[in-house]
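One structure below.
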Amino acid sequence: MPNMKPRLSDFLPYRLSVTSNAISNRIAVEYRARFGVNVPEWRVMAVLGDVGPLTQRQLVGATFMDKVAVNRACKVLVDRNLVTRSPNDSDGRSHMLELTASGRELHGQIMPLALGMEERLLECLTTAEQRSLRKILDKLFAQVRESDIS
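With positions in the sequence shown counted from 1, the corresponding number in my numbering is that position plus 47.
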């Protein structure tokens, strides 16, 4: 049998990335059209909505986006009065970012929309497959985090 050349389409990191981007972009079509928020901006809002106030550096770690993308998203969100920036009492060099009342209201409108889209996208999987997918993703993520430390 001839030596098979590896194909990018079979490379797991590529497949995960392409699938993730396709799903994010599909869901983003809805909230971008209705609320004028793009994927990086929504990720920042979603994390702040889940976790509460964070520094920009903490947002980079929580979203796995590069610092330039986080910086741009934060600037837009501050300019739109969806996020507020205040001094960080524990570190004078950074600022805490937090959803404003308008930001919390928008988060409350987008989150159900995103969850509904997720539900429709996952309809092609059985409940057991959905559970397995979540479990597998959790294991892969834990493996990556563990290998970052070693």
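Each residue gets a CB set at the ideal place from its N, CA and C atoms; glycine is no exception.
Just so it is clear, the structure is predicted and the values come from calculations on it, not from any experiment.
| Asked | Found |
| --- | --- |
| Continuous beta strand (DSSP E) stretch holding S133: start and end | 130-134 |
| Selection from D138, L160, V191, T66 that minimises the alpha carbon distance to R104 | D138 |
| Alpha-carbon spacing of A116 relative to Q156, whole angstroms | 23 angstroms |
| Paired residues, beta bridge with L101 - DSSP | L144 |
| Distance between A93 and M158 (C-alpha atoms, nearest Å) | 8 angstroms |
| Reference D97, options R192, T173, L146, K182, closest by Cα | L146 |
| Straight-line gap, R181 to H142 (C-alpha atoms, nearest Å) | 34 angstroms |
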